[in-house]
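So the protein lines, in turn, are chains A and B. First residue of the first sequence: 71, per this note's numbering; consecutive thereafter. First residue of the second sequence: 71, per this note's numbering; consecutive thereafter. Backbone N, C-alpha and C define an ideal beta-carbon position, used for all residues, glycine too. All remarks here apply to the structure that follows.
Protein chains: 2
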Amino acid sequence: MRVTFRAARIADVPAVVALLADDMLGAARERQQLEPYLAAFEAMRDEGTNHLIVGEDEVGRIVATYQVTFISGLSLAAARRAQVESVRVASDLRGAGVGLTMFADVEARARAAGCRLVQLTMNAARTESRRFYQSLGFEASHVGFKKPLG
Amino acid sequence: MRVTFRAARIADVPAVVALLADDMLGAARERQQLEPYLAAFEAMRDEGTNHLIVGEDEVGRIVATYQVTFISGLSLAAARRAQVESVRVASDLRGAGVGLTMFADVEARARAAGCRLVQLTMNAARTESRRFYQSLGFEASHVGFKKPLG
C-alpha cells in the first residue's frame, strides 16, 4: 500500500470529514452538514502555519489525514514546535503501515519548518495508539487537559 | 494582588524569559543569551494567531506569562481551539490567585477569537498544577506525547 501525503485542497474536505467520523470517538462528534468544515478549511488557510494534510493511495482515494500547526514560542530555549491533531487512517487500512509513512511525512514537514519538537495529544481511551506513538520515539510525558467553552 | 493581563511587547521578553527559567523544569531548559528569544517573539507576531501574554502588577512588574495560540481545524464539528502553553507565575506569588485571573483572561481571549475549546498540556511531574486545572473545569482526558527532532 503506497500512500502519498500532500496538502489538502478544498475538494478533499468531504473525504477528510468522512475519515474524522470513521472513528470510535469521532463518530459521535462530527456532523452531516459540510458548510462549517469548508469554513474551517478556509480559516486554516488564512492562519498560514496551520495545515491540513491528506494521504492518497495509488488510485486517488483519500485514506488518511492529519493536521499540523507550526507554533513558535519562547520556552525550551525558543524552540518552534510542530503540533499534530486529528490523525486518522481509513478503518480498512489500519495496521498496514500507513501511520509510519504519515509520521515520516510529519517529521519531514516539521524539520522543513524549523521545528525542534513534535507534539500531540491522544485521548487516553486510545490504548493501541499509545503503543504506536511510543514505537515512533514519542514520550508520554504530559497530561492533556481540555475544557469546552459553554 | 491586582494583576492585569495584556499582550507582551518586545521590551517584556527579558522578564518573560526570567519567568520561564524560574521553574522546576524551566531552570534546566532556558539559556542566557536573549537573541533567540527576541527572534521567537518576532516569529510569533508573524504567525498572527499566536500570542504572548504577560501579567503586570500595580507597579508594572511582570509577574506572570502565558502563550495562547488559536487553531482552527475540522475535527469536533469544525471547532476552533485555544491552546495554552508556557504558563508561569512568579515564584513569590504562587498560591495568591494570579492563576485564576490568568485563566479568566485566557477564556475571555478564547471566546473573543471564536474558540469552543481551551486545551493545554502539563508535564506529568507538576502534580500541584493538575489540581489547579481540574478546579478550573479542565478534564485530564488526554495523554500528551513529545518527540525532540535530533
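DSSP three-state call for residue 194(A): helix, strand or coil? Counting from one through the first sequence, the residue named residue 194(A) turns up at place 124. It is coil, neither helix nor strand.
Closest Cβ-Cβ distance between residue 121(A) and chain B: below 8 angstroms? One-based indexing of the first sequence puts residue 121(A) at position 51. False, the Cβ-Cβ gap to chain B never drops below 8 angstroms.
Excluding the 5 residues flanking residue 82(B) on each side, which residues of the same chain have their C-beta closer than 7 angstroms to its C-beta? Taking the second sequence and counting its residues from 1, one reaches residue 82(B) at position 12. Closer than 7 angstroms at the Cβ level, and outside the excluded window around residue 82(B), lie 124, 132.
Against residue 203(B), what residues of chain A qualify as contacts under a CB-to-CB distance less than 9 angstroms, listed in chain order? One-based indexing of the second sequence puts residue 203(B) at position 133. Chain A residues near residue 203(B): 213, 215, 217.
Check whether the Cβ atoms of residue 202(A) and residue 215(B) sit closer than 8 angstroms, and answer yes or no. Working through the first sequence from its first residue, we reach residue 202(A) at position 132. Working through the second sequence from its first residue, we reach residue 215(B) at position 145. Contact flag unset, no.
Residues, ordered as in the chain, of the segment 83-110 of chain A that lie near chain B by beta-carbon distance below 8 angstroms: 83, 86, 87, 90, 96, 99, 100, 101, 106, 107, 109, 110
Residue 152(A): which of 185(A), 166(A), 162(A) sits nearest, CA to CA? As a working note, residue 152(A) is residue 82 in the first sequence. Nearest C-alpha to residue 152(A): 185(A).
Which residues in chain A sit within 9 angstroms of residue 187(B), going by Cβ to Cβ distance? Residue mapping note: residue 187(B) aligns to position 117 of the second sequence, counting from 1. Within chain A, the residues near residue 187(B) are 216, 217, 218, 219.
In this structure, what does DSSP give as the bridge partners for residue 209(B)? Taking the first residue of the second sequence as position 1, residue 209(B) is located at position 139. Bridge partners of residue 209(B): 216(A).
Would you mind working out which of 149(B), 115(B), 167(B), 189(B) sits nearest residue 213(B), comparing C-alpha positions? Taking the first residue of the second sequence as 1, we reach residue 213(B) at position 143. The alpha carbon of residue 213(B) has as its nearest neighbour, out of 149(B), 115(B), 167(B), 189(B), the alpha carbon of 189(B).
Residue 146(B), buried or exposed, once every other Cβ within 10 Å from all chains shown has been counted against 16: Sequence index remark: in the second sequence, residue 146(B) carries index 76 (1-based). Under this definition residue 146(B) is a buried residue.
When 206(A), 91(A), 136(A) are compared against residue 161(A), the one with the closest alpha-carbon: Here residue 161(A) corresponds to residue number 91 of the first sequence, with the count starting at 1. Nearest of 206(A), 91(A), 136(A) to residue 161(A), Cα basis: 91(A).
How would you label residue 129(B), buried or exposed, when you count the other beta carbons within 10 angstroms and need 16 or more for buried? Counting from one through the second sequence, the residue named residue 129(B) turns up at place 59. So residue 129(B) counts as exposed.
Let me confirm a value: residue 105(B) is counted as buried when at least 16 other C-beta atoms fall within 10 Å, else exposed. Which label applies? In the second sequence, residue 105(B) corresponds to position 35, counting from 1. When all chains shown are included, residue 105(B) counts as exposed.
Residue 183(A), DSSP secondary structure in three states: Within the first sequence, numbered from 1, the residue matching residue 183(A) stands at position 113. Reduced to three states, the DSSP call for residue 183(A) is coil.
If you draw a straight line from the C-alpha of residue 196(B) to the C-alpha of residue 170(B), how long is it? To locate residue 196(B), count along the second sequence from 1; it is residue 126. To locate residue 170(B), count along the second sequence from 1; it is residue 100. One C-alpha to the other measures close to 17 angstroms.
Where the alpha helix (DSSP H) through residue 235(B) begins and ends: For residue 235(B) there is no data in the structure shown, the boundaries of chain B being 71 and 220.
So residue 164(B) packs on residue 89(B), CB below 8 angstroms; how close in whole Å? As a working mapping, residue 164(B) is identified with position 94 in the second sequence. As a working mapping, residue 89(B) is identified with position 19 in the second sequence. That belief does not hold up - the Cβ atoms of residue 164(B) and residue 89(B) are roughly 11 angstroms apart, past 8 angstroms.
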